[in-house]
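*Asks:* Here it is, the structure in full.
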């Protein structure tokens, strides 16, 4: 027999013995004697690699604010791009970076107004001078006009003079009308006219063209309007440059057509809103007046019923005294409600009503 066959037979014999011992559950348990193991020290050295270098982070600079034009009426009132983004076409047209190309169409949805432009409007404070001026047959009311240029006193006729001059010099620009004038005005009419003058002067102060006119500066600074004023039309004294003609957008006619189409409906709706708001305020004022009249009637009833109804003035009873006490408390309550409604109506007139008329 060869050596290979002897090894194979020996292996088969051992497998049979292992299988027979497994059937009889007589397999020996393995054990390890750790004391016979010898320990040795490793001579290998391990140098860990250096930690990777962290990337250096630089803080981002604050974002640059977008520069805008502050002229909401100008056709060039468009938002500029930041200075970090150059406009390759700006040099050929000598325009600031970020302006649209001359003649290029713009979106009908974009108004071209800078963000928050309504928060930077100039305002004027007009108060009525308590004492009337003039002689007995020619007495008139003075208005103290206060702006950032100073304080001057003006008559209503001088406001009318300013309005007439602006209409003649700028016949193609929108100028609001002045409040009316009447003979024998009362306090309520004078207050309404004062608010109308405030709206008129605030509009002129915030107009990009009218606010730069020397006529307005004279009206707000000179104590007496004695200088001669030129009433030449704007189109006769001002020449439109070529660059200004090129700044008109190409879709100007489409925009004007869209405005003409919507303008009548907008005016109609705003007129209705103004009328409804004025009616609401008038109802509050009427309710306040009714509460005041009710308070006066209750107080008069309490005074009329000062003594007992049955016993006369010589004696009084607890019932009549209790009725008078109750009427007095009701009168105090109705008087407070009338004052509260009157205060609310004044606040609505000075805030909501003015905002609707200005808007």
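In the UniProt record's numbering, the protein residues as written are 1 to 359. Note that CB positions come from ideal geometry on N, CA and C, so glycine has one too. Predicted model, so just to flag it, every value in this text is computed and none were measured.
1. Three-state secondary structure (DSSP) at residue 322?
2. Classify residue 141 as helix, strand or coil using the three-state DSSP reduction.
3. With a 10 Å radius around its C-beta and 16 neighbouring C-beta atoms as the bar for buried, classify residue 349 as buried or exposed.
4. Under DSSP, the beta strand (DSSP E) around residue 150 begins and ends at which residues?
5. How long is the line joining the alpha carbons of residue 82 and residue 120, rounded to whole angstroms?
6. In whole angstroms, what is the alpha-carbon distance linking residue 336 and residue 358?
7. Taking the alpha-carbon of residue 217 as reference, which of 36, 249, 4, 152 has the nearest alpha-carbon?
8. Is the beta carbon of residue 302 less than 8 Å from the beta carbon of residue 324?
9. Please list, in chain order, all residues of the same chain as residue 146 whose beta carbon is under 6 Å from its beta carbon, the five residues on each side excluded.
10. With a CB to CB cut of under 7 Å and the five nearest residues on each side skipped, what residues in its chain are close to residue 181?
11. For the pair the segment 263-273 and the segment 193-209, tell me if three or more CB-CB distances fall below 8 Å.
12. For the segment 167-249, list the alpha helix (DSSP H) runs that are entirely contained and at least 4 residues long, ordered along the chain.
13. Among all the DSSP beta bridges, which residues are the ones paired with residue 127?
14. Can you tell me where the alpha helix (DSSP H) holding residue 5 begins and where it ends?
15. According to the Cβ coordinates, are residue 234 and residue 170 closer than 8 Å?
16. Three-state secondary structure (DSSP) at residue 317?
17. Counting pairs of Cβ atoms below 8 Å between the segment 332-347 and the segment 257-265, do you hit three or more?
18. How would you call residue 140, buried or exposed, if buried means at least 16 neighbouring beta carbons within 10 angstroms?
19. For residue 184 and residue 252, what's the separation of their Cα atoms in angstroms?
20. Taking all protein chains shown into account, decide if residue 247 is buried (16 or more other Cβ within 10 angstroms of its Cβ) or exposed.
21. Locate the alpha helix (DSSP H) running through residue 294, then write down its first and last residues.
22. Using only CA atoms, which one of 280, 321, 341 lies nearest to residue 290?
23. Would residue 353 pass as a contact of residue 254 if the rule is Cβ separation under 8 Å?
24. Only counting the same chain, and skipping five residues up and downstream in sequence, which positions put a Cβ closer than 7 Å to that of residue 132?
25. Within 10 Å of its beta-carbon, does residue 115 have 16 or more other beta-carbons around it, so buried, or fewer, so exposed?
26. Check the C-beta distance from residue 356 over to residue 300 and give it rounded, since I have them as a contact under 8 Å.
*Replies:* Answer, in terms of the structure:
1. helix
2. DSSP places residue 141 in coil when its eight states are reduced to three.
3. The residue is buried, with at least 16 neighbouring Cβ atoms inside 10 Å.
4. 150-155 is the extent of the beta strand (DSSP E) around residue 150.
5. The predicted model places residue 82 with a pLDDT of 39, which falls under 50 and marks its position as unreliable; any figure quoted below should be read in that light. Using only the alpha carbons, I get a separation of about 22 Å.
6. 32 Å
7. 152
8. The answer is yes: Cβ separation under 8 Å.
9. 125
10. 156
11. no
12. 187-205, 214-221, 234-237, 242-246
13. 144
14. 3-23
15. yes
16. coil
17. Between the segment 332-347 and the segment 257-265 there are fewer than three inter-stretch CB-CB distances shorter than 8 Å, so the stretches are not counted as touching.
18. exposed
19. 49 Å
20. buried
21. 252-304
22. 341
23. The Cβ atoms of residue 353 and residue 254 do not sit closer than 8 Å to each other.
24. 139, 140, 141
25. exposed
26. Not quite, the Cβ-Cβ distance comes to about 39 Å (not below 8 Å), so this is no contact.
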